[in-house]
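Peer 1:
In our numbering, the protein residues as written are 895 to 1015.
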């Protein structure tokens, strides 16, 4: 199938891509240091608590320490999202009523349709 008018555009785009300089990645440069885009001393962390922990008391403790608690959850899992610094993270990771302390992030799951067809003879 021939698509008139598209071939010159495709060739031109390919040539532009071929002459653009490619910046080396940090992995390709020995001794390079990768600095995350968020260099703030605090960032949001998800804190998951044990079943016997009191979400209210943990949230109150964080707020009394000056940490902003952005979200609280208790239906499926007990926990909260709070703006923490490195010392807060270390303190919470030592708490026996805390299961997980991880940076808050958005995740997406890609789904691939791997349906197959079969024929019988």
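Beta carbons are placed, not taken as given, at the ideal position from N, Cα and C, and that holds for glycine.
Residues in its own chain within less than 7 Å of residue 947 by CB, not counting five upstream and five downstream?
Peer 2: Along the chain shown, one-based indexing puts residue 947 at 53. Once the five neighbours on either side are set aside, the close Cβ partners of residue 947 are 972 and 991.
Peer 1: Please name the residue, chosen from 979, 977 and 970, that lies closest to residue 944 on a Cα-to-Cα basis.
Peer 2: Numbered from its first residue, the chain shown carries residue 944 at position 50. Ranking the options by Cα distance to residue 944, first place goes to 970.
Peer 1: By the DSSP assignment, the beta strand (DSSP E) with residue 938 in it spans what residues?
Peer 2: Indexing the chain shown from 1 puts residue 938 at position 44. First-last of the beta strand (DSSP E) with residue 938: 937–943.
Peer 1: Among residues of its own chain, excluding the 5 on either side of residue 987, which ones have a beta-carbon nearer than 6 Å to its beta-carbon?
Peer 2: Walking along the chain shown from the start, residue 987 turns up at place 93. 995.
Peer 1: What does a CB cutoff of less than 6 Å around residue 956 pick up in its chain, not counting 5 residues either side in sequence?
Peer 2: Here the question's residue 956 lines up with position 62 in the chain shown. So the list reads 963 and 976, once near-sequence residues are dropped.
Peer 1: Take residue 997 and list the residues in its own chain whose beta-carbon comes closer than 8 Å to its own, dropping the five residues that flank it on each side.
Peer 2: By one-based count along the chain shown, residue 997 stands at place 103. Correct list, in chain order: 937, 938, 939 and 940.
Peer 1: Distance, Cα to Cα, residue 980 vs residue 949?
Peer 2: Here the question's residue 980 lines up with position 86 in the chain shown. Here the question's residue 949 lines up with position 55 in the chain shown. Cα to Cα, residue 980 sits roughly 21 Å from residue 949.
Peer 1: Taking all protein chains shown into account, decide if residue 959 is buried (16 or more other Cβ within 10 angstroms of its Cβ) or exposed.
Peer 2: Indexing the chain shown from 1 puts residue 959 at position 65. Residue 959 is exposed by the Cβ-count criterion.
Peer 1: If contacts are defined as beta-carbon pairs under 8 Å, then residue 952 and residue 967 qualify, I think. What distance do you get, rounded to the angstrom?
Peer 2: By 1-based counting over the chain shown, the position of residue 952 is 58. By 1-based counting over the chain shown, the position of residue 967 is 73. Actually they do not touch by this definition, with Cβ atoms about 12 Å apart.
Peer 1: On the three-state DSSP scale, how would you describe residue 997?
Peer 2: To locate residue 997, count along the chain shown from 1; it is residue 103. Three-state DSSP puts residue 997 in a strand.
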